[in-house]
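First residue of the sequence shown? That's 231 in the working numbering, and the numbers climb one at a time after it. The beta carbon of each residue, even a glycine, is placed where N, CA and C say it ideally should be. Structure first, commentary second.
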Amino acid sequence: DADDLIPPQFLKSIMGELENKDYDIVVFNRSDFIDGEILKFKNDSSLVESKVETDRNNLLLKLLSGVVETTAWSYIFSARLLKENDLKFSKGRLYEDTDFTPMLFNVIENGCILKLSPYGYCYRIEREGSIMQKSSLQKTFKMCDDRYFVLQRKYKTLKTALGTNNEKLDIWYFNEMCGL
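Here is the structure:
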C-alpha cells in the first residue's frame, strides 16, 4: 500500500533470500503503526531474526491457522508463478488478496517464512480514507457478498490442496462462515 512503510534493508533482506536459495516465495512479518506515528529507522531496521523453510502444504496449513497472513504485501514471490499458472486477482471485489493468496500458495514448491527485526513490513493502521474503514450500507452488503465469495474460493482451493477429509479445514471454514 502506498501509505505504508518499508524500513531500510527490508528489500535487501527479502530479495537476498529469494535469490540465494531460489525460493518460489518469501513470506515475512508485519509491524503495525498508527497513522501519524513517527517511526525511527536505523540502518539495521529490517534484519532477519529467524527463518523457517517451508513447502506448499506447510504454508497452506500456516495460512489456515492464521500464522501467515493473506495480505498481498506479506510476501514476495517469483513472477514466473503468475505466468505459469495464470494467477490473477479477482476483479471488482474487496478482499481480493485474501482470495489470491491461497491460489498462489497452492502452486509454490518451496519458500521460507522470515521474522524481520525490529521491523517487518510497516502497516499503517487507523488511517482516514481507507476503503476498508469507510462505512455505508451499500459497502456493508458488498463486503458480506465479497467475503462470502472469497471464503468459498479459499475453501475450495484449500480442500483441493489439503484433501477432502481435513478436519482442521472444515472447522476453519465453519468458524469463518459463522463470522460472516
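DSSP-derived helix/strand/coil call for residue i
i: Asn-259; result: coil
i: Ser-347; result: strand
i: Val-192; result: Absent from the structure is residue 192, since the part of the chain shown begins at 231 and ends at 410.
i: Asp-340; result: In the sequence as presented, Asp is not what sits at residue 340; that position holds Asn. Reduced to three states, the DSSP call for Asn-340 is strand.
i: Glu-279; result: strand
i: Arg-286; result: helix
i: Tyr-305; result: strand
i: Leu-269; result: coil
i: Tyr-253; result: coil
Nearest-angstrom Cα separation, counted from residue j out to residue i
i: Asp-375; j: Lys-386; result: 17 Å
i: Lys-272; j: Met-407; result: 43 Å
i: Arg-286; j: Leu-334; result: 10 Å
i: Thr-284; j: Asn-405; result: 26 Å
i: Leu-381; j: Ile-401; result: 13 Å
i: Leu-289; j: Arg-377; result: 22 Å
i: Phe-258; j: Phe-330; result: 17 Å
i: Met-373; j: Lys-270; result: 35 Å
i: Phe-263; j: Phe-307; result: 25 Å
i: Lys-384; j: Pro-332; result: 6 Å
Presumed contact (8 Å Cβ cut-off) between residue i and residue j, rounded CB distance
i: Glu-247; j: Ser-347; result: Not really, about 15 Å apart at Cβ, beyond 8 Å.
i: Ser-304; j: Arg-260; result: 6 Å
Per DSSP, cross-strand counterpart(s) of residue i
i: Glu-403; result: The sequence given here has Tyr at residue 403, not Glu. Per DSSP, none; premise fails for Tyr-403.
i: Tyr-325; result: Answer is none; Tyr-325 lacks a bridge partner.
i: Leu-235; result: Cys-352
i: Ile-264; result: Ile-355
Contact between the stretch 327-347 and the stretch 253-263 is defined here as three or more beta-carbon pairs at a separation below 8 Å; is this criterion met?
The answer is yes - the stretch 253-263 touches the stretch 327-347, with three or more Cβ pairs under 8 Å.
Segment contact, 8 Å Cβ cut-off, at least three pairs: the stretch 309-318 with the stretch 387-398:
no
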